[in-house]
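*Asks:*
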Amino acid sequence: MTEEEFAEHVLRMNLDGYTVLPNVFTEEECDEAQAQLEQLTDADAPALECLFNKAQIFERIYQVPELLRYVRYFLGEDAILSGAYGSIRHPGAGSGGLHSDGAITGPNRRQSMPLADGDRRITSHVLGLNLIFCISEFTVANGATHVVPGSYKIPDIEVPQPPVHGLRPVEAARGSVLVFNINTWHGASAHTGEAPRYALLTPWRRCWLRSEYDLALMVKEDVLERAGEEGATIFGLSSRIPYLEGRQWDRSTGAPKAEWAHLHR
Ligand SMILES: O=C(O)CCC(=O)C(=O)O
Ligand SMILES: [Fe+2]
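Going left to right, the sequence shown walks through residues 20 to 284 as my numbering numbers them.
1) When the Cα atoms are used, what is the spatial distance from A209 to F254?
2) Give a yes or no on whether the C-beta atoms belonging to G121 and L70 are separated by under 7 Å.
3) Could you compute how far the alpha carbon of E47 sits from the alpha carbon of R79?
4) If we ignore side chains and look at the alpha-carbon of each, how far apart do N202 and V183 end up?
5) Measure the beta-carbon distance from P168 to G147 and round it to whole angstroms, keeping in mind my assumption that it falls under 8 Å.
6) In the DSSP assignment, what residue or residues form a beta bridge with V39?
7) Which residues share a DSSP beta bridge with I99?
8) Please report the straight-line C-alpha distance between F44 and Q82, rounded to a whole angstrom.
9) Report the start-end ranges of each beta strand (DSSP E) in the segment 23-77 that is 3 residues or longer and not cut off at the edges.
10) Examine the Cβ distances between the segment 210-228 and the segment 155-171 and report whether three or more of them are shorter than 8 Å.
11) Below 8 Å on the Cβ atoms is my contact criterion, and I expect V90 with A103 to pass it. Report the Cβ-Cβ distance as a whole number of Å.
12) Taking the beta strand (DSSP E) that R245 belongs to, which residues open and close that run?
13) Going straight from the alpha carbon of K172 to that of G113, what length do you get?
14) Quick check on A280: buried or exposed, where buried means 16 or more other Cβ atoms within 10 Å of its Cβ?
15) Quick one, what's near ligand 2 if you take every residue whose CB is closer than 7 Å to any heavy atom, in chain order?
16) Which residues in the same chain as L282 place their Cβ atom closer than 7 Å to its Cβ, once the five residues preceding and following it in sequence are excluded?
17) Where does Y171 fall in DSSP's three states?
18) Is A62 buried or exposed, if buried means 16 or more other CB atoms sit within 10 Å of its CB?
19) How far does the beta strand (DSSP E) with A251 in it reach, from first residue to last?
20) Less than 6 Å between C-beta atoms, sequence neighbours within five positions excluded: which residues of the same chain meet that for F77?
21) With respect to 6 Å, is the separation between the Cβ of S106 and the closest non-hydrogen atom of ligand 1 below this value?
22) Give the secondary structure of V90 by DSSP, where H, G and I count as helix, E and B as strand, and everything else as coil.
23) Nearest chain B C-beta to P110 closer than 7 Å, yes or no?
24) Would G206 pass as a contact of G116 if the rule is Cβ separation under 7 Å?
25) Nearest by alpha-carbon distance to L56: which of N42, L40, M32, A74 is it?
Listed below in structure tokens is the structure:
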């Protein structure tokens with residue numbers, strides 16, 4: 020991506036609250052991701068969460084340098100991955116309804132909103148992004164994600180239901196990534212097409228914001244090892260809340276210092 024293209028995607032995020040980054044996955048990577056999603060779904064109890072622990076292709080979600088650069092531009096160098104879900108939407112699936120993300124553990128959690136806020140959410144800064152990897156091409160027919168451009172700026176916590184002025188499907192090529200501010204009103208649109216729509220849903224947060232999962236505890240050792248120097252940051256080890264006293268805690272690894280290793284939980 021050239022500097023001009025990067026600046027263009029930043030401008031789109033600032034204006035519309037979303038953009039589509041092209042060519043993040045190759046055709047081959049999409050084929051492999053699709054096959055692995057299928058395989059996971061074939062299992063007795065399909066589990067399409069924490070995908071990075073389940074097949075190496077899913078480790079690519081945090082390994083593409085220009086994607087990381089874009090995420091960190093908005094969320095800081097120590098931005099953390101908040102989840103990694105797979106999604107297979109089948110023909111006939113209805114529209115998912117408009118919502119903002121971050122309604123369960125994040126800043127759009129209604130139950131956590133104090134009266135003093137007057138039902139106004141935080142819109143001044145980007146607190147989280149959601150990244151949807153289009154493992155299939157996203158089209159109007161197969162239920163492309165639809166968004167309301169600029170809605171991330173609206174402070175009301177209440178999300179109106181369609182039809183909403185400006186609501187538009189985001190058609191996107193296979194291998195591209197739809198990136199949006201978690202405040203952006205969005206949802207899956209109705210699938211009226213013929214073939215399943217495959218996607219990876221990978222939300223990111225500022226490191227001090229509560230995530231969907233405590234991935235620092237969930238990530239497998241070999242996965243973390245392969246993530247190299249970046250791993251401790253991306254999986255939130257270096258931003259973990261200490262469960263020991265400061266003098267006993269190693270912030271960089273998110274674990275007890277060597278001499279307190281016996282206190283490891
Ligand atoms: O599947 C889609 O198109 C939307 C998914 C979504 O709303 C999300 O990942 O938060
Ligand atoms: Fe969502």
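Even glycine gets a Cβ: it sits at the ideal position worked out from N, Cα and C.
*Replies:* If we stick to the structure as given:
1) Position 190 of the sequence shown, counted from the start, is the residue given in the question as residue 209. Position 235 of the sequence shown, counted from the start, is the residue given in the question as residue 254. Those two C-alpha atoms are separated by around 33 Å.
2) The count along the sequence shown starts at 1 and reaches residue 121 at position 102. The count along the sequence shown starts at 1 and reaches residue 70 at position 51. No, they are not a contact pair.
3) Taking the sequence shown and counting its residues from 1, one reaches residue 47 at position 28. Taking the sequence shown and counting its residues from 1, one reaches residue 79 at position 60. Approximately 12 Å, taken between the alpha carbons.
4) Taking the first residue of the sequence shown as position 1, residue 202 is located at position 183. Taking the first residue of the sequence shown as position 1, residue 183 is located at position 164. Rounded to whole angstroms, N202 to V183 spans 16 Å at the Cα level.
5) The sequence position of residue 168 within the sequence shown is 149, counting from 1. The sequence position of residue 147 within the sequence shown is 128, counting from 1. The pair is not a contact, with the Cβ atoms about 18 Å apart (cut-off 8 Å).
6) Reading the sequence shown from its first residue, position 20 is the one you call residue 39. Bridge partners of V39: L197.
7) One-based indexing of the sequence shown puts residue 99 at position 80. Its beta-bridge partners are R224.
8) By 1-based counting over the sequence shown, the position of residue 44 is 25. By 1-based counting over the sequence shown, the position of residue 82 is 63. Approximately 11 Å between the Cα atoms of the pair.
9) 37-40
10) yes
11) What you label residue 90 is simply residue 71 of the sequence shown in a count that begins at 1. What you label residue 103 is simply residue 84 of the sequence shown in a count that begins at 1. That pair is no contact at about 14 Å.
12) Here residue 245 refers to the residue found at position 226 when the sequence shown is read from its first residue. Taken as a continuous stretch (DSSP letters only), R245 belongs to no beta strand (DSSP E), being part of the alpha helix (DSSP H) at 240-245.
13) As a working mapping, residue 172 is identified with position 153 in the sequence shown. As a working mapping, residue 113 is identified with position 94 in the sequence shown. Straight-line Cα distance between these residues: approximately 27 Å.
14) On the sequence shown, position 261 is the one that residue 280 refers to. Exposed, since its Cβ has fewer than 16 Cβ neighbours within 10 Å.
15) H118, D120, N149, H205, G206
16) Start at 1 with the first residue of the sequence shown, and residue 282 comes out as number 263. For L282, where only same-chain residues beyond five positions count, the Cβ hits under 7 Å are L263, Q267, P275.
17) One-based indexing of the sequence shown puts residue 171 at position 152. The answer is helix: DSSP assigns Y171 an H, G or I state.
18) Translated into positions along the sequence shown, residue 62 becomes position 43. With fewer than 16 other Cβ atoms within 10 Å, it is exposed.
19) Here residue 251 corresponds to residue number 232 of the sequence shown, with the count starting at 1. Looking at the DSSP string, A251 is not in any beta strand (DSSP E); the run it does join, the alpha helix (DSSP H), is 250-253.
20) Position 58 of the sequence shown holds residue 77. Only L70, F71 meet the Cβ criterion.
21) The sequence position of residue 106 within the sequence shown is 87, counting from 1. Correct: S106 has its Cβ closer than 6 Å to ligand 1.
22) For the purposes of this step, residue 90 is identified with residue 71 of the sequence shown, where counting begins at 1. Note: V90 maps to helix in three-state DSSP.
23) In the structure shown, chain B does not exist; there is a single protein chain.
24) As a first step, residue 206 is located in the sequence shown; it is residue number 187 there, counting from the start. As a first step, residue 116 is located in the sequence shown; it is residue number 97 there, counting from the start. Contact: yes.
25) The sequence position of residue 56 within the sequence shown is 37, counting from 1. Residue A74 is the option with its Cα nearest to L56.
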